[in-house]
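Chains as they are written, first to last, in the working numbering: chain X, 1 to 204; chain Y, 1 to 204.
Below: the structure, in structure tokens.
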DNA sequence: GTTGGTTGGAACGATAGCGTTCCACTCATG
DNA sequence: CATGAGTGGAACGCTATCGTTCCAACCAAC
């Protein structure tokens, strides 16, 4: 029903020249969207201010995205929330350290931290947001599961451990410290975390 | 400077009759404040709607609290966020179990859960909120510290453990499961948590 | 050069919350 | 019973955002 471009059966010519969206405007809008989000929160996020901060008209924004939720759903997958997969580090301990460091790298950005906390608070009210970040959660879950399976194959963990609770232990303490209480985490802390998390996993 | 009542040197009589705040109205406002908060979030929380939902005029609200932040700061200490102190349970394991159960009791309420997540997201933007919940955080910290000291005295923990990180492990995983991912936690899960948390603490 | 579809920007009316002000009403006190 | 401070409720003007609509400017394709 919806034709992307002039998609009629007699398309005379394709749009060109000024008649094509300028990428720089899209980028400016995306950037100011996240910047405003971290500044005032999702609920108080005004698309009008986003456009103004991007130095762009409101119509430019609404022509690209129909609503705030749609914009968030479209843009969220583009930011660096993905924990870079580090592969097999050879031991459970090294794998844990890799995950924690990757998670910390994400949570260290002030903007991302705020947006994440806001996101988690808003998910219960905006189903579209949940759908948008489900892939990330799934990826994280898969990755942890992989680590657990490798550890079991190595004989470092019993096959009876609970994968879900292990996931809670891997991300919970660090998330609590960095995102909830605005604490910090240096190398010493990470090392302690690795030690304690490993012990918890082996007891699970 | 500010006289509470008619505190002049010639105070003829004290306010009475209809000229005194009705407790039921204050209560209705408090309840609808939290109800609305959990429904739409702090940022989108409209005091006008709060008053309307309480079946009360706006002036009634503004006469009691000057602003949303002030209302939150005043009301937050009154809700059941306080983890009931369970005292010495005789062993580290029992103490951990008691803390986790108390924390779960709080996080099980759908309303409290949402408000807590919202609160944590908003703290970075509203300094007044941080001041309001600081006592709770301090109480929780003190309580955990007490547990740790008892465990050290019993010989269950080494005196070198890091109290802060232990706090992260005690609340982090459960908060992550219940508040962030809207998971659930039955008795089996709590028992597993107790086991794993104790192992982590002993490795810290 | 002309064309044509899309652009960014500025205006619109509508809706909603803010914080204030005014007013009739209430009711224990004296 | 008369008093009067404090009440709850309705209205005010103000500001901001919403989503839409209109318009001149633009520029590769023909």
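Every residue, glycine too, gets a C-beta built ideally from N, C-alpha and C.
A straight-line Cα-Cα distance of about 10 Å links residue 138/X and residue 145/X. Close partners of residue 49/Y in chain X (Cβ separation under 9 Å) are lacking, with about 14 Å as the shortest Cβ gap. Less than 8 Å separates the beta-carbon of residue 196/X from that of residue 200/Y. The beta carbons of residue 99/X and residue 178/X sit about 14 Å from each other, so the pair does not count as a contact at 8 Å. Counting only Cβ-Cβ distances below 8 Å, residue 176/X has contacts in chain Y at 168, 171, 172, 175 and 176, in chain order. Cα atoms of residue 34/Y and residue 103/X: separation of roughly 33 Å, rounded to the nearest angstrom.
Listed along chain X is no residue with a C-beta nearer than 8 Å to that of residue 95/Y; the closest approach is about 17 Å. CA-CA distance, residue 192/X to residue 65/X, rounds to 45 Å. The continuous alpha helix (DSSP H) containing residue 175/Y extends over residues 163-175. When C-beta distances to chain X are compared with 8 Å, the residues of the stretch 180-202 of chain Y below that value are 180, 181, 182, 183, 189, 192, 193, 195, 196, 197, 198, 199, 200, 201 and 202, in chain order. Using a 10 angstroms sphere on the CB of residue 173/X, the tally of other CB atoms reaches 16 or more, which defines it as buried. Collapsing the DSSP output to three states places residue 202/X in a helix. DSSP, reduced to helix, strand and coil, places residue 93/X within a helical segment of the structure shown. Scanning its chain for C-beta atoms nearer than 7 Å, with the 5 sequence neighbours on each side dropped, one finds around residue 25/X the residues 56 and 60, in chain order. Chain X places no beta carbon closer than 8 Å to that of residue 156/Y, leaving this residue out of the contacts.
From the beta-carbon of residue 165/Y, the residues of chain X found nearer than 9 Å are 173, 177, 189, 192, 193 and 196.
Interface residue (Cβ-Cβ distance to chain X less than 8 Å): residue 109/Y is not classified as such.
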